[in-house]
Structure formats: structure tokens, C-alpha cells
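Engineer:
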Amino acid sequence: MPASLEGKRILVGLSGGIAAYKTLSLIRLLVKAGAEVKCVCTPAALEFVTPLTLETLSGNPLYSGLFSARNESRTEHVSHADWADLLVVAPATAGTIAKFANGIADNALTTLFNAFDKAVIVSPAMNARMYRHPATQANLARLRQWGVRVVGPACGDLACGSQGEGRMPEPDILFAYVEWVCRHAAGFSPFGVPEEASWFKGRKVLLTAGPTVEPIDPVRYLSNHSTGLMGCCLAEELCMRGAEVYMVNGPMHISPRFPPYRMIPVQTAEEMRDAAIGLWPDMDVAILSAAVADYAPKEACGQKIKKTSEELCLGLRKTADILAGLGRTKKAGQILVGFALETENEIENAKAKLERKNADMIVLNSLRNPGAGFAVPTNQVTFLDRKGRVVPHGLKTKEEVASDILDFISTL
Ligand SMILES: Cc1cc2nc3c(=O)[nH]c(=O)nc-3n(C[C@H](O)[C@H](O)[C@H](O)COP(=O)(O)O)c2cc1C
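Written out as C-alpha cells, the structure is:
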């Protein structure tokens, strides 16, 4: 697989906030992912980080002086804007946000912003009172209206010694946003389609993810190889499209980088069913990507089973069928999406499952395809719906598959 940002040209804009030191790590992540990076600074940003550091990390000359004799072109703000696919401004100070929102072009970064008509991410970082000030809030609202994606701020310790909302999100979170925007850049520009156009905006989505574990005794359990990666990719994609995500997840070692509205951790198939059934009446969509155990031990032993006899038989019972349960109580307007993992007669079995479970869509993965299924970063799926559509896809990353699934749901 090529690096996730291979061939992308990214401008990193820094303004004069203490969080500028974190942006250095972001630049490293972007370069490591294959992007070509150039930095643009306000004069105040250079009180916090040096040109040498920015030029060394990005591997490109810094653009910081609107009228500098060092500039390669006389109108560097325009040539930089032409060059880049994406502008990420981190940290964005209250002052720079105000200038962006009011068209003030008085330094290299603000002038470049005015000349830029592609995807823009702005990550505010400031003291909590500065962030809550009506001027800052109004300026951010204006930027959002134009389709600028505002990322953060996060809550926590602030450089001024206080606590609250105002921290710049960590570099890996910003990096995840950049990856997402690069995957969707065509439909996402400040003056193109804003986030509000997403079908998922404001909709409530139940998402199940990860494996379930079914206890045998206090130290042993039955489970499967699911890592929850597909579910995490779906959660992130849903969050980015503005959905209110309720994620019911079995034990996973990973979690979504953009936090869902609510996470409900469970262990067993029964707990997952109870949580899903409880949430379902209020949901617009349910996507059941969890790998739920089909059978569980009839009874979990209260004590650790001793290694005494030569043979041990485990009595198993069928677990609850969550997809069928939701299908039975589905109301008009609700959309139910199930996953199927088949090893033979894939399409026929998936079609039958769609009907039997009263689902609206099945995402079929076949273990016969190399690179598909558990514990790999890729998947190869086919979508089936009740109109009889059968849409096969090639091998893709799980992020791309998540995006395809949501695009397909939007057409249901
Ligand atoms: C030590 C220090 C830290 C600062 N941190 C921030 C900050 O995190 N966010 C912010 O909006 N302003 C911060 N400021 C104020 C800005 O640097 C100031 O408003 C400056 O004019 C911003 O210019 P610029 O937006 O053109 O970069 C800080 C100032 C100082 C002295």
C-alpha cells in the first residue's frame, strides 16, 4: 500500500500561539506519510518556533515575509495557494482567526488564506476565555459557514496555567483529520460543499464493533480475531460526516481517533444485544460491524476449571441474533446494515441473510479474498441491498471501505 498522503501537497500555517511546538510533530507525521509539506508563518509564530526547525522538518523553504527578498516569486502567496491541495492552520490564534473571518490580508499567512480556494483546516488554540469570547465564536462560525473545517480545541491543561477548552488537539488527531480531508478533498473546499451537506449530519447512528468474549470460567473465554479496526474506521467516518455515533464495542486494543458521541463497552453477545436493542428505537441507522460469537458456553464455571480429565467437553448454546432482533423491531425510515463473512456461496448466502434478517444492506466480506477480513488493514467487500443491487469493490484500506459503506447508505 502507498503511504496515505503520497503525492499530496500540504501547506502548514502557523500563527503565534504556544502550541506551535506541537505543530512540529504534525509536520513530521505528514512528511512520513508521503506528503510534500511547506510551512507558512505569521511574524508572531516565529517568536515560538524557528525558521531553521520548520525548514529542516518540512524539507522546504519557509514562507514568512510577504515582501521578503528570499521569496522565490514576487507573489508567493498566490503561487503557494496554486501549489497546495490543502492548508492546515495550526495553531490558529484568536487574532489570525479574526483576520481570516474578516478578509484581512496583512501578513504571509492571512494573505495566502485569502488567495486559497481549496480545503482548509483551522485548529484554534488559545486561553479558554479568548476561545469563548463572542468575537472568536462568531469568527469561527463564519469560517465553518464557508466550509472551513474547524478542528478542536480540546479540553485540558492550558499553557496559561488554567484548565478548560482551548488546547490544540494532539498532532496524531490533526493528522487523522488531514488524512480524512485528503480522501474527500474533491467534495470539500471552503467554497465548495460544506460539512452540512452530508446525509449523515445530525443523524443518530448505532454502530457495533469488535469481537465479543464469552466466558468459560474466570480466566478463559471464547472469542475471535476481530480487532475492531473496521468499526473504528466507520466511527471516524461517521463523526467526520456529522453523525451522532453510539458505539457499542466488545474488547478492543484500539479506539476511534475522533471520539464518538457515546461509547458503550460490552463483553458478551448478550450484553451487546441488550445495549443495541435499548438504543435502536431512537436511531436513524444501525451498522452492525461487530464479530459477535454465534455460540457461547452454556454456563460459565464459577471457578477455574482444573486440568484433571484427559478430555473436556464444552457445552455451547446459540447466542442472540442482534441483526435479526433489530430487523424485527425496525420502524419505517430506519436503516439497518449488517455484515456477513462467508467462505462459500457468498452472494447467495448474503442475499438470503438480507431477506431473513429484514436488513436494508449487507456488507459482504469473503475470507477467500487475500487481504480481506480480520486483523489486516485492508478489506474487499460487496454491497447488497433490497433493490437487488450487488456492488463489488476492489481491495481497499478499511478507511476507504468505511467511506464507501456510508456513501452507499446515503443512496438507500
Ligand atoms: C507567550 C504567549 C503565548 C501566546 N499564546 C497564544 C495562544 O495560544 N493563542 C492565541 O490566540 N494567542 C496567543 N498569544 C497572543 C498572540 O501571540 C498575539 O495575539 C499575536 O498578535 C498573534 O499574532 P498572529 O495571529 O498574527 O500570529 C500568546 C502570546 C504570548 C506572549
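Following the numbering used here, the numbering of the sequence shown begins with 573 at its first residue and continues without gaps.
For glycine and all other residues, C-beta sits at the position ideal for the given N, C-alpha and C.
Below 8 angstroms on the Cβ atoms is my guess for Ala974 versus Cys805; work out the distance and round it to an integer in Å.
Structural biologist: Your numbering for residue 974 matches position 402 in the sequence shown. Your numbering for residue 805 matches position 233 in the sequence shown. Their Cβ separation, rounded to whole angstroms, is 4 angstroms, which keeps Ala974 and Cys805 in contact under 8 angstroms.
Engineer: Could you name the residues of the same chain whose beta carbon sits closer than 7 angstroms to that of Ala673, not counting the 5 residues immediately before and after it, in chain order?
Structural biologist: The residue given as residue 673 occupies position 101 in the sequence shown. Answer for Ala673: Asn711, Arg714, Leu715, listed in chain order.
Engineer: Heavy atom of ligand 1 less than 7 angstroms from the Cβ of Ala680, yes or no?
Structural biologist: On the sequence shown, residue 680 is found 108 positions in, with the first residue counted as 1. Checking the Cβ of Ala680 against ligand 1 gives no.
Engineer: Whose CA, out of Met855, Leu794, Glu619, Thr708, lies closest to the CA of Thr780?
Structural biologist: Against the sequence shown, residue 780 aligns to sequence position 208. Ranking the options by Cα distance to Thr780, first place goes to Met855.
Engineer: Taking the Cβ atom as the reference point for each residue, do Tyr833 and Val820 lie within a distance shorter than 8 angstroms?
Structural biologist: What you label residue 833 is simply residue 261 of the sequence shown in a count that begins at 1. What you label residue 820 is simply residue 248 of the sequence shown in a count that begins at 1. No, they are not a contact pair.
Engineer: Tell me the residue span of the beta strand (DSSP E) that contains Met933.
Structural biologist: As a first step, residue 933 must be located in the sequence shown, where it is residue number 361. Its beta strand (DSSP E) spans residues 933-938.
Engineer: With DSSP collapsed to three states, give me the class of Gly764.
Structural biologist: On the sequence shown, position 192 is the one that residue 764 refers to. A caution first: Gly764 carries a pLDDT of 49, below 50, which makes its placement in the model unreliable, though a value can still be read off. In this structure, Gly764 counts as coil in the three-state DSSP scheme.
Engineer: Determine which residues share a DSSP beta bridge with Arg845 and list them.
Structural biologist: Residue 845 sits at position 273 when you count from the first residue of the sequence shown. BP columns for Arg845 are empty, so no partner.
Engineer: Please list, in chain order, all residues of the same chain as Ile877 whose beta carbon is under 8 angstroms from its beta carbon, the five residues on each side excluded.
Structural biologist: Counted from its first residue, the sequence shown places residue 877 at position 305. Taken in chain order, the residues that qualify are Ile788, Asp789, Arg792, Leu884.
Engineer: Buried or exposed: where does Ser630 fall if 16 or more other Cβ atoms within 10 Å of its Cβ makes it buried?
Structural biologist: Position 58 of the sequence shown, counted from the first residue, corresponds to residue 630. Buried, since its Cβ has 16 or more Cβ neighbours within 10 Å.
Engineer: Would DSSP call Arg889 helix, strand or coil?
Structural biologist: The residue given as residue 889 occupies position 317 in the sequence shown. In this structure, Arg889 counts as strand in the three-state DSSP scheme.
Engineer: Would Pro964 pass as a contact of Thr950 if the rule is Cβ separation under 8 angstroms?
Structural biologist: The residue given as residue 964 occupies position 392 in the sequence shown. The residue given as residue 950 occupies position 378 in the sequence shown. No, Cβ-Cβ distance for Pro964 and Thr950 is not below 8 angstroms.
Engineer: Does ligand 1 have a heavy atom nearer than 7 angstroms to the CB of Ala616?
Structural biologist: As a position in the sequence shown, residue 616 is number 44, starting the count at 1. At least one heavy atom of ligand 1 is nearer than 7 angstroms to the Cβ of Ala616, so yes.
Engineer: Express the C-alpha separation of Val753 and Asp689 in angstroms, rounding to a whole number.
Structural biologist: Counting from one through the sequence shown, the residue named residue 689 turns up at place 117. Counting from one through the sequence shown, the residue named residue 753 turns up at place 181. Cα to Cα, Asp689 sits roughly 14 angstroms from Val753.
Engineer: Go ahead and pull the three-state DSSP assignment for Ala863.
Structural biologist: Numbered from 1 along the sequence shown, position 291 holds the residue referred to as residue 863. In the structure shown, Ala863 sits in a strand (DSSP, three-state: E or B).
Engineer: Report the residue from Pro615, Thr614, Arg600 whose alpha carbon sits nearest the alpha carbon of Glu608.
Structural biologist: Position 36 of the sequence shown, counted from the first residue, corresponds to residue 608. Per the Cα distances, Arg600.
Engineer: Using only alpha-carbon positions, find the residue among Pro783, Val864, Arg961, Leu746 that is nearest to Ile826.
Structural biologist: Sequence index remark: in the sequence shown, residue 826 carries index 254 (1-based). Ranking Pro783, Val864, Arg961, Leu746 by Cα distance to Ile826 puts Pro783 first.
Engineer: Do Leu634 and Leu626 come within 8 angstroms of each other at the CB atom, strictly closer than that value?
Structural biologist: Here residue 626 refers to the residue found at position 54 of the sequence shown. Here residue 634 refers to the residue found at position 62 of the sequence shown. It is a contact, given that the beta carbons lie within the stated cut-off.
Engineer: Taking Ala592 and Val621 to be in contact with their CB atoms under 8 angstroms, please state how far apart those CB atoms are, rounded to whole angstroms.
Structural biologist: Position 20 of the sequence shown, counting from 1, holds the residue named residue 592. Position 49 of the sequence shown, counting from 1, holds the residue named residue 621. Contact flag correct, Cβ pair sits at about 5 angstroms.
Engineer: Helix, strand or coil: how does DSSP classify Val720 here?
Structural biologist: Counting from one through the sequence shown, the residue named residue 720 turns up at place 148. Correct three-state label for Val720: coil.
Engineer: Taking Gly606 as the reference, which of Gly589, Ile582, Arg739 has the closest Cα?
Structural biologist: For the purposes of this step, residue 606 is taken as the residue at position 34 of the sequence shown. Relative to Gly606, the option among Gly589, Ile582, Arg739 whose CA is nearest is Ile582.
Engineer: Here's the rule: buried if 16 or more other CB atoms are within 10 angstroms of the residue's CB, otherwise exposed. What is Gln952?
Structural biologist: What you label residue 952 is simply residue 380 of the sequence shown in a count that begins at 1. Flag for Gln952 reads buried.
Engineer: Are Ala892 and Ala841 touching if we call contact CB-CB under 8 angstroms?
Structural biologist: Numbered from its first residue, the sequence shown carries residue 892 at position 320. Numbered from its first residue, the sequence shown carries residue 841 at position 269. Yes, these two residues count as a Cβ contact at 8 angstroms.
Engineer: How long is the line joining the alpha carbons of Ile849 and Val909, rounded to whole angstroms?
Structural biologist: Within the sequence shown, numbered from 1, the residue matching residue 849 stands at position 277. Within the sequence shown, numbered from 1, the residue matching residue 909 stands at position 337. Cα to Cα, Ile849 sits roughly 14 angstroms from Val909.
Engineer: For ligand 1, any of its heavy atoms closer than 7 angstroms to the Cβ of Thr595?
Structural biologist: Here the question's residue 595 lines up with position 23 in the sequence shown. Within the chosen limit of 7 angstroms, ligand 1 does not reach the beta carbon of Thr595 with any heavy atom.
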